[in-house]
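Chemist: Numbering (the working numbering), first residue to last: 648 to 1186. Positions of the beta carbon are idealized from the N, C-alpha and C atoms, including for glycine.
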Amino acid sequence: MQQKNNTPSFFDPKTLIAVAAVAIVYYGWNTYLGKKYPDYNKPKTQTEQAKNSATAATTSETPAATANTVDTKSEIMETPTTAKEFHFENDKVSFVMTSFGMGLKGYTINNYQDKEKNNIKLGVSNVDGLFEMRWAGDSKPLTFDVAEQAPGHYVGTAHVGETVIKRELKFNTETSSFTNTISVSNPTEDFKKGFSLLIPESIHTHASTSFLFPSYEHQDFFVTHNGGKHDTVNFSGAKEDVVKDFPATSLVSVSSQYFAAAILDKSEIMPEVKLNAQINAKTAMAELVYKPASVKSEMTFSEVFYAGPKSIDALKAVDPEMASLIDFGFFGFIARPLLYVMKAAHSVVGNWGFAIIILTLLVRLCVLPFNIMSFKSMKAMQKVQPIIQNLREKYKEDPMRLNQEMMAVMKQNGANPLGGCLPMLLQIPVFFALYRVIGSSIELYNSPFIFWITDLSSHDKFYVLPVSMAVFMFIQQKITPSTMDPTQAKIMAFLPVVFSLFMLQLPAGLTLYMVVSTLFGIIQQWLIMREPKTKAVTA
C-alpha cells in the first residue's frame, strides 16, 4: 500500500532551484534594464519646424561661449559679430550651416517624429553647432569664409596666424551623410595642439521609472577605439557628470535609442575623444580631437558624418563600420538573424506586428522538438511521483540509498527532473535578443499593428496584451503536467501576475511576442496531451 508524504517540504532541492532560478532571472533582468535603460518618456522638444526656403544666405547672432571657457588665442583673428548662414532642406532633413565652425544648427529629421508628433532634432544646443570645428584650446569656433558650391556642398577657408585651413563639407542626399575634408597649409608648431570636431546634444528630461517598470529609452556615447574595441557610456541615467577620454578613436557618436549623430574618422592620424555630460546643465558633448605628433607643410584630414535613424541598412550604406552603432548586446549573434527574418516576413505581409507573429511561430517551431521531449519527461515524472514518495518514506534515514533508488526509478521510466527546464533555457536568449531587436530597430519605431496598438516600440497603453499574457500563462499552467507539491504550486501560481506586471511598460512588440508564444504553447500542450497514454510505470 502506498504511503502519502505527510508534509511537502519547501526546502526540497527542486523547489529551491526553481525559486532561485525565477528570482535570479527576474531580478537580473530588471536590474539590467534599470541601469541600461533608466528612462522611458521622450523629451519635450520644441515645436518649431525648420524654415521652408530655397538655399539662401542669411545672418544670425554670434554664439555665446560655452560653460568651460578657455582664453581665445591671440593669433586668431577677431570673431565677427554675425555668422553667414546657408539653409538646406529636402524630404529627409533640414539644417542651417553657419560660417562659425561650419557647424550645423537646427538639424531636423523630417521623416521621423517623436511621441509628441514633432520632427526629430539632433545636435540640439543653444551654443554649439553639430560637427562644428574649433582650434584646440579655444571655446569659440573657427570663423570660415564660406562659399556654397551647390545645395548641401560648402567650402570654407579660415586663417589662424600663418596657418590656412580649408574645409569642404558635402551632403549626400541618398544616405543623409556628409563627407568632410580638412586641408591645412603652412601649419606652425602650435598646430600640434590640434583641432576638434563637436557633437553636442541636450540630455532628455524624462519622467522617473520604478524598479518594476524599467524603461527602454536612453542616451549614450558610443566609441570605437584602440583597433576595434567598443565602449558605450550611458549618461541619461547618470547621477553625476560624466567625463571620459578615449585614445586612438575611429568612431564616436551621441545616440538615443533610435537616432544617432556620429563621426567616422578616415584620416591617417588617429584622433582621441573627449566625452562630457553635464547632468545639471542637461548638456552632452563628444569632442573628436586631432593632435598631430609632427607637422608638414600640407596636411589633410577626412571624416564621414552621419546624423539620422539607426537603421542597419542606412548605416551600412554610409559605411559598414557605422553599423556598429546598433548594439544588440551579448546575444547579438541571435538578434541579427532574428532581425533579418523579421524584415523578410515584413516584406511579405507589410505589417510589423504580423511580422513579429510570424517570427514568433518560427522560433516556437524551432524549439518544438525540445518542448515535446520536455513534456514527455514531465509526464513521466508525474507518473513516478507515487513511487518516489514511497521511496522517501522507506529510505528517509538513508539519503544515499534514497538517491540511488530514485535515479533508478526515473531512469527506468524515462523521467528527467530537469527536462522541463530545457525549453525555457533555450528561449531565454531568444527573449533577450528579441528585446534588443525590438528596442533597437528603427523599423518598429512608431509602427502600428492593429486597432489600439499604434506604436510597437511603445508599451500597450490599454494593457490588453500584458493582461492577455497573464491569462494565457495561467491556462498553460493548469494544463501542464506538474510534479510540484502544493507549496511549489502556490509559488508558481504568482508567475503570471509577476510577468504581467513586468511587461506593462515594455514595448508592445515584445509583449506581442510573449502573448503569441504563450498561446502557441497552450495549443501545443493540448495537441500533445491528446496522444495515446503511455505504458504503466514500473518500480
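Based on Cα-Cα distance, which residue from T947, V899, L789 and I1170 lies nearest to V807?
Modeler: For the purposes of this step, residue 807 is taken as residue 160 along the sequence shown, with counting starting at 1. Checked all of T947, V899, L789 and I1170; the closest Cα to V807 is L789.
Chemist: Going residue by residue through the region 957-983, where are the continuous beta strand (DSSP E) segments of at least 3 residues, counting only ones entirely within it?
Modeler: With a minimum length of 3 residues, no continuous beta strand (DSSP E) run stays inside the region 957-983.
Chemist: In terms of DSSP beta bridges, what is M780 paired with?
Modeler: Translated into positions along the sequence shown, residue 780 becomes position 133. Its beta-bridge partners are L844.
Chemist: Reducing DSSP to helix, strand and coil, say where M749 ends up.
Modeler: Counted from its first residue, the sequence shown places residue 749 at position 102. The answer is coil: DSSP assigns M749 none of H, G, I, E or B.
Chemist: Return helix, strand or coil for N1161, following the three-state DSSP convention.
Modeler: Taking the sequence shown and counting its residues from 1, the one referred to as residue 1161 is at position 514. The identity of residue 1161 in the sequence shown is Met, whereas the question assumes Asn. Three-state DSSP puts M1161 in a helix.
Chemist: Going by beta-carbon coordinates alone, are S1094 and A1117 separated by less than 7 Å?
Modeler: For the purposes of this step, residue 1094 is taken as residue 447 along the sequence shown, with counting starting at 1. For the purposes of this step, residue 1117 is taken as residue 470 along the sequence shown, with counting starting at 1. The answer is no: Cβ separation not under 7 Å.
Chemist: Looking at F838 and G799, is the spacing between their C-beta atoms short of 7 Å?
Modeler: Counting from one through the sequence shown, the residue named residue 799 turns up at place 152. Counting from one through the sequence shown, the residue named residue 838 turns up at place 191. Not closer than 7 Å, so no.
Chemist: With H, G and I counted as helix, E and B as strand and the rest as coil, what does DSSP make of G1086?
Modeler: Walking along the sequence shown from the start, residue 1086 turns up at place 439. Here G1086 sits in helix by DSSP.
Chemist: With distances taken from CA atoms, which of I916, D761, I1075 and L1112 is nearest F906?
Modeler: As a first step, residue 906 is located in the sequence shown; it is residue number 259 there, counting from the start. Nearest C-alpha to F906: D761.
Chemist: Is the beta carbon of W999 closer than 7 Å to that of L1112?
Modeler: Within the sequence shown, numbered from 1, the residue matching residue 1112 stands at position 465. Within the sequence shown, numbered from 1, the residue matching residue 999 stands at position 352. It is not a contact, given that the beta carbons lie outside the stated cut-off.
Chemist: Just to confirm before moving on: does the CB-CB distance between L1157 and I1085 stay below 7 Å?
Modeler: In the sequence shown, counting from the first residue as 1, residue 1157 sits at position 510. In the sequence shown, counting from the first residue as 1, residue 1085 sits at position 438. Contact: yes.
Chemist: Between the Cα of G803 and those of E809, K1125 and A794, spot the shortest distance and give me the residue it belongs to.
Modeler: Position 156 of the sequence shown, counted from the start, is the residue given in the question as residue 803. Per the Cα distances, A794.
Chemist: Going by DSSP, what residues sit across from M1139 in a beta bridge?
Modeler: Here residue 1139 refers to the residue found at position 492 of the sequence shown. Paired residues: none, contrary to the question.
Chemist: Please name the residue or residues paired with R814 in a DSSP beta bridge.
Modeler: In the sequence shown, counting from the first residue as 1, residue 814 sits at position 167. According to DSSP, R814 bridges with G803 and I829.
Chemist: Roughly how many whole angstroms lie between the Cα atoms of K764 and A885?
Modeler: Locating residue 764 in the sequence shown gives position 117, counting from the first residue. Locating residue 885 in the sequence shown gives position 238, counting from the first residue. C-alpha separation (whole angstroms): 27 Å.
Chemist: Which residue comes first and which comes last in the beta strand (DSSP E) that contains M917?
Modeler: In the sequence shown, residue 917 corresponds to position 270, counting from 1. First-last for M917: undefined, no H or E at that position.
Chemist: For N1218, report the span of its beta strand (DSSP E) as first-last.
Modeler: A question about residue 1218 goes unanswered here, because the residues of the chain that appear run from 648 up to 1186.
Chemist: Rank T729, V740, W1173 and K813 by C-alpha distance to the C-alpha of G955 and give the top, closest one.
Modeler: For the purposes of this step, residue 955 is identified with residue 308 of the sequence shown, where counting begins at 1. Of the listed residues, the one whose Cα sits closest to G955 is V740.
Chemist: So D912 and S897 are in contact, right, with Cβ under 8 Å, and what is the actual spacing, rounded?
Modeler: Position 265 of the sequence shown, counted from the first residue, corresponds to residue 912. Position 250 of the sequence shown, counted from the first residue, corresponds to residue 897. Confirmed, about 5 Å.
Chemist: By how many angstroms is the C-alpha of P1143 removed from the C-alpha of V1162?
Modeler: For the purposes of this step, residue 1162 is taken as the residue at position 515 of the sequence shown. For the purposes of this step, residue 1143 is taken as the residue at position 496 of the sequence shown. Distance between the alpha carbons of V1162 and P1143: 12 Å.
Chemist: Check this for me: beta carbons of Y754 and L769, under 7 Å apart or not?
Modeler: Residue 754 sits at position 107 when you count from the first residue of the sequence shown. Residue 769 sits at position 122 when you count from the first residue of the sequence shown. For Y754 and L769, yes; Cβs fall inside 7 Å.
Chemist: Can you tell which of M1150, I1169 and G750 has the C-alpha that lies nearest to the C-alpha of A908?
Modeler: For the purposes of this step, residue 908 is taken as the residue at position 261 of the sequence shown. With distances taken between Cα atoms, A908 lies closest to G750.
Chemist: So the candidates are A1055, M1176 and G784; which of them puts its Cα closest to the Cα of I1126?
Modeler: Along the sequence shown, read from residue 1 onward, the residue named residue 1126 stands at position 479. Per the Cα distances, M1176.
Chemist: Check the C-beta distance from G776 over to K752 and give it rounded, since I have them as a contact under 8 Å.
Modeler: The residue labelled residue 776 in the question sits at position 129 within the sequence shown. The residue labelled residue 752 in the question sits at position 105 within the sequence shown. Contact holds; Cβ gap of about 5 Å.
Chemist: Among S1088, F842, T1101 and I1034, which has the Cα closest to the Cα of D974?
Modeler: The sequence position of residue 974 within the sequence shown is 327, counting from 1. Nearest C-alpha to D974: S1088.
Chemist: According to DSSP, D837 sits in a beta bridge with which residue or residues?
Modeler: Sequence index remark: in the sequence shown, residue 837 carries index 190 (1-based). Paired residues: none, contrary to the question.
Chemist: Reducing DSSP to helix, strand and coil, say where V942 ends up.
Modeler: Start at 1 with the first residue of the sequence shown, and residue 942 comes out as number 295. Coil at V942, not helix or strand.
Chemist: Based on DSSP bridge pairs, tell me the residues matched to L898.
Modeler: Translated into the one-based positions of the sequence shown, residue 898 becomes position 251. DSSP lists T871 and L911 as partners of L898.
Chemist: Tell me which residues share the same chain as M1150 and place their Cβ nearer than 8 Å to its Cβ, disregarding the 5 neighbours each side in the sequence.
Modeler: Counted from its first residue, the sequence shown places residue 1150 at position 503. Excluding positions up to five away in sequence, the list reads L1112, P1113, M1116, L1157, T1158 and M1161.
Chemist: At which residues does the alpha helix (DSSP H) containing K1125 begin and terminate?
Modeler: Position 478 of the sequence shown holds residue 1125. Unbroken alpha helix (DSSP H) run through K1125: V1111 to I1126.
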